[in-house]
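Peer 1: In this note's numbering, the protein residues as written are 6 to 143. Sending over a structure as structure tokens; questions will come in a sec.
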């Protein structure tokens, strides 16, 4: 049984309560990033470049990280904030970790096209998003 974040400690606490009250502390891989739209605590985000410095909201389950769950007021354009990487995105977690995430050429092109649409429509940058591999406007 895995005793790591993102997994249940036990499938049925009524059958196995041995983990109740257990305490532990663990490292969570985080990266300081910025964004060009408003994001809020625990919101799923995707990286938009290979440098892993910029994120956007993900409106499907393809996110790479979540916005700092302790962030009280959200973060907007140009703000620097933490994102917590999802389990499995990092292998060999230490203070200097390597992210095992390679954005495909298709993903990078889609991100560039999304930014192009936002630049053409500066009054509604938060209206544009990627969902299910396509760019759309709310």
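Glycine included, C-beta positions come from ideal geometry on N, C-alpha and C.
Would you kindly report the start and end of the unbroken beta strand (DSSP E) that includes residue 134?
Peer 2: Residues 133 to 136.
Peer 1: Can you check whether the CB of residue 42 is closer than 7 Å to the CB of residue 131?
Peer 2: Cβ atoms of residue 131 and residue 42: closer than 7 Å.
Peer 1: In angstroms with no decimal places, state the Cα-to-Cα distance between residue 63 and residue 137.
Peer 2: When rounded, the distance between both Cα atoms is 10 Å.
Peer 1: How would you label residue 119, buried or exposed, when you count the other beta carbons within 10 angstroms and need 16 or more for buried?
Peer 2: Residue 119 should be labelled buried.
Peer 1: Quick check: the Cα distance between residue 89 and residue 126, rounded to an integer number of angstroms?
Peer 2: Near 30 Å, if we compare the C-alpha coordinates of residue 126 and residue 89.
Peer 1: On the three-pair Cβ rule with 8 Å, is the stretch 94 to 105 touching the stretch 72 to 81?
Peer 2: Contact between the stretch 94 to 105 and the stretch 72 to 81 is absent, because fewer than three Cβ pairs lie under 8 Å.
Peer 1: Quick check on the burial criterion: 16 or more other C-beta atoms within 10 angstroms. Buried or exposed for residue 83?
Peer 2: With fewer than 16 Cβ atoms within 10 Å of its Cβ, residue 83 is classed as exposed.
Peer 1: From residue 105 to residue 68, what distance separates their C-alpha atoms?
Peer 2: Looking at the two C-alpha atoms, the distance is approximately 14 Å.
Peer 1: Measuring straight from C-alpha to C-alpha, what distance separates residue 52 and residue 23?
Peer 2: Each residue's alpha carbon lies about 39 Å from the other.
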